[in-house]
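Residue numbers (the working numbering): 418 to 691. C-beta atoms are modelled at their ideal positions from N, C-alpha and C, and glycine is treated no differently. All values reported here derive from a predicted model rather than from experimental measurement. Structure record follows, encoded as structure tokens.
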């Protein structure tokens, strides 16, 4: 059986791919993307479709990133962005879990919080950024508040939904064995809800990297969003694309960290892979 047919059969069966094959598949997808990007930028130059400065090739972009890394400029911007993301996401996650767990478990708390959440949730985070700036200025606090606001709602909603939809059979079985309310919550409800809660946390991580760029467009003197905005002002396309790629890698790394925690905490849920 050929490798391609083998991969198709694995996908049709719904079974997880072996780690080496999954890694090779992901690496191949990245190389294919870089190849298509290189081809597109090369065709622009050869055919003169438009000014090639608008579509810099991947190697020129990566070269720009390497140059920024060598001269030390990149690391300060990365550190500033990561610090804002970490504080904003951690604040949003603490609020979402601190309010979502009791809201999912207790109907009284849910009835108190749901109207406020459902009124604020449709308001786009971008609409709140000017208010945060008016309230707390253009410093770090407004940027952290912006990330907190953007990440709170998906994590809160998934936490409430996860706790609400714990299998009633688990609760009845634990109650019949003598589990009291506190023990029932921490030993049964929380572990059963954890998979969906972690999905919400992954959404929160992705959103925090998504909105940090917007917050760093205003009043920031460092950060990857500042690099992108500075590149826009001076038409430095390679710098803009390079900063965006670095941001993407950071987001990918944040998601990967949550996945590692998920595999560690939810070993009982996943079968071992070869």
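For residue i, which of helix, strand or coil comes out of DSSP?
i, result
"residue 655", "helix"
"residue 584", "coil"
"residue 650", "helix"
"residue 421", "Model confidence at residue 421 stands at a pLDDT of 49, short of 50, so the residue's coordinates are unreliable; what they give is reported in the following sentence. Note: residue 421 maps to helix in three-state DSSP."
"residue 636", "coil"
"residue 733", "The question about residue 733 has no answer here: the residues shown for the chain are numbered 418 through 691."
"residue 684", "coil"
"residue 594", "coil"
"residue 676", "helix"
Let's see if you can read the secondary structure: which residues bound the alpha helix (DSSP H) around residue i?
i, result
"residue 614", "607-633"
"residue 463", "436-464"
"residue 501", "490-522"
"residue 480", "475-487"
"residue 472", "From DSSP, residue 472 is part of no alpha helix (DSSP H); its letter is neither H nor E."
Around the C-beta of residue i, are 16 or more other C-beta atoms found within 10 angstroms, so that it is buried, or is it exposed?
i, result
"residue 455", "exposed"
"residue 595", "exposed"
"residue 569", "buried"
"residue 619", "buried"
"residue 494", "buried"
"residue 633", "buried"
"residue 562", "buried"
"residue 655", "buried"
"residue 435", "exposed"
"residue 559", "buried"
"residue 593", "exposed"
"residue 670", "exposed"
"residue 554", "exposed"
"residue 573", "buried"
Within 7 Å of any Cβ in chain C, is that where the Cβ of residue i sits?
i, result
"residue 471", "Given the protein chain composition of this structure (a single chain), no chain C is represented."
I think residue i touches residue j, with their Cβ atoms under 8 Å apart; what is that distance to the nearest whole Å?
i, j, result
"residue 606", "residue 628", "About 31 Å; that fails the 8 Å criterion."
"residue 579", "residue 610", "4 Å"
"residue 512", "residue 520", "Wrong, their Cβ atoms sit about 12 Å apart, outside the cutoff."
"residue 623", "residue 668", "6 Å"
"residue 481", "residue 617", "The Cβ separation is near 36 Å, so there is no contact."
I'd like to confirm something about residue i: is its beta-carbon nearer than 6 Å to some heavy atom of the ligand HEM, or not?
i, result
"residue 628", "This structure does not include the ligand HEM; it has no bound ligands of any sort."
Next item on the list: May I have a chain-ordered list of the alpha helix (DSSP H) segments no shorter than 4 residues that lie completely inside the segment 524-573?
Entry: Unbroken alpha helix (DSSP H) runs of no fewer than 4 residues, entirely contained in the segment 524-573, are found at 524-537 and 542-553, following chain order.
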